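Trainee: First, the structure itself, so that you have it in front of you.
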Amino acid sequence: MSIQHLDPSFFSVTLSMTLGTPLQLKRTINVKAIVTPTWKQEAQNALQGQLGQVDAQIQQLDLQGQAAINEIRSQSANPVHPNVLQQIDNIQIQVNQQKTQLLEQKNQILQQLQQVQTVNLEEEVNQGQIESFFELHPGDNLIEKMQVEIVLRDGVVVEIRGNA
């Protein structure tokens, strides 16, 4: 690689690193939770709440679809006219597509609920990710600085793994 192909920002980063000025970088930190009875209960409650919301959305969708069909029929002089039947079919197709998506979402939540119920106590599970900033100094190992995890027990940090 010749100097002509280097990004100009390379020189400013190299210059600032050689002068000892730290860089502020952003990283993603994995958050893990130790499974406790409290964690299981909270996770189950959250998933049950999501199931309730999806069920309500399905019910609302059915009601809206039926209302739209009834509206079309009531406004038509001939409810069995091909154009009216086509409009009704289109509504039913739309409702069924949206219902299928909601049912897939419901199945995913049910699978998560089953996983929560079967996970062993004291096992570590992925809870999510957060972003943080860190300083990088000359001589630092970038890979180690990027590999940081936080471990929680019932919401309380019990361990920070890696080079924070």
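So the sequence shown is residues 9 to 172, counted in our numbering. Note that CB positions come from ideal geometry on N, CA and C, so glycine has one too. All of these numbers come straight from a predicted model, not from anything done at the bench.
#1: CB-CB under 7 Å to V133, same chain, minus the five flanking residues each way: which ones, in chain order?
#2: Suppose you measure from the CA of N86 to the CA of K114; what does that come to, to the nearest Å?
#3: Whole-angstrom Cβ separation of V103 and L69, contact assumed at under 8 Å?
#4: Using the Cα positions of Q65 and G57, report the straight-line distance between them to the nearest angstrom.
#5: On a CA-only basis, which of Q100, V124, Q72 is nearest E50? Give me that one, please.
#6: Among E157, K153, Q94, L55, which has the Cα closest to the Cα of E143?
#7: For the segment 69 to 153, list the beta strand (DSSP E) runs that are entirely contained and at least 3 residues long, ordered along the chain.
#8: Return the chain-ordered list of same chain residues with a C-beta closer than 7 Å to the C-beta of D148, the five sequence neighbours on each side being excluded.
#9: Closer than 7 Å by C-beta to G170: which residues in its own chain qualify, once you throw out the five before and the five after it? Chain order, please.
#10: May I have the straight-line CA-CA distance separating N91 from Q72, to the nearest angstrom?
#11: Which whole-angstrom value is the C-beta distance of V62 and I117, which I expect to be below 8 Å?
#12: Quick check on this structure: which residue in I96, L93, Q67 has the alpha carbon closest to the alpha carbon of T108?
#13: Indicate the three-state DSSP secondary structure (helix, strand or coil) for N53 in the structure shown.
Mentor: Let's see:
#1: Your numbering for residue 133 matches position 125 in the sequence shown. Excluding sequence neighbours, V133 sits near K40, A41, V43, V127.
#2: For the purposes of this step, residue 86 is identified with residue 78 of the sequence shown, where counting begins at 1. For the purposes of this step, residue 114 is identified with residue 106 of the sequence shown, where counting begins at 1. About 39 Å.
#3: Translated into the one-based positions of the sequence shown, residue 103 becomes position 95. Translated into the one-based positions of the sequence shown, residue 69 becomes position 61. Right, their Cβ atoms sit about 6 Å apart.
#4: Locating residue 65 in the sequence shown gives position 57, counting from the first residue. Locating residue 57 in the sequence shown gives position 49, counting from the first residue. Answer to the nearest angstrom: the Cα atoms are 12 Å apart.
#5: Working through the sequence shown from its first residue, we reach residue 50 at position 42. Out of Q100, V124, Q72, V124 has the C-alpha closest to the C-alpha of E50.
#6: If you number the sequence shown from 1, residue 143 lands on position 135. Minimum Cα distance to E143 is reached at K153.
#7: 132 to 144
#8: Within the sequence shown, numbered from 1, the residue matching residue 148 stands at position 140. For D148, where only same-chain residues beyond five positions count, there are no Cβ hits under 7 Å.
#9: Within the sequence shown, residue 170 is the residue found at index 162, counting from 1. So the qualifying residues of the chain are E152, Q155, V156, E157.
#10: Here the question's residue 91 lines up with position 83 in the sequence shown. Here the question's residue 72 lines up with position 64 in the sequence shown. When rounded, the distance between both Cα atoms is 20 Å.
#11: As a position in the sequence shown, residue 62 is number 54, starting the count at 1. As a position in the sequence shown, residue 117 is number 109, starting the count at 1. About 7 Å; that satisfies the 8 Å criterion.
#12: One-based indexing of the sequence shown puts residue 108 at position 100. T108 has its Cα closest to that of Q67, out of I96, L93, Q67.
#13: Walking along the sequence shown from the start, residue 53 turns up at place 45. Helix at N53.
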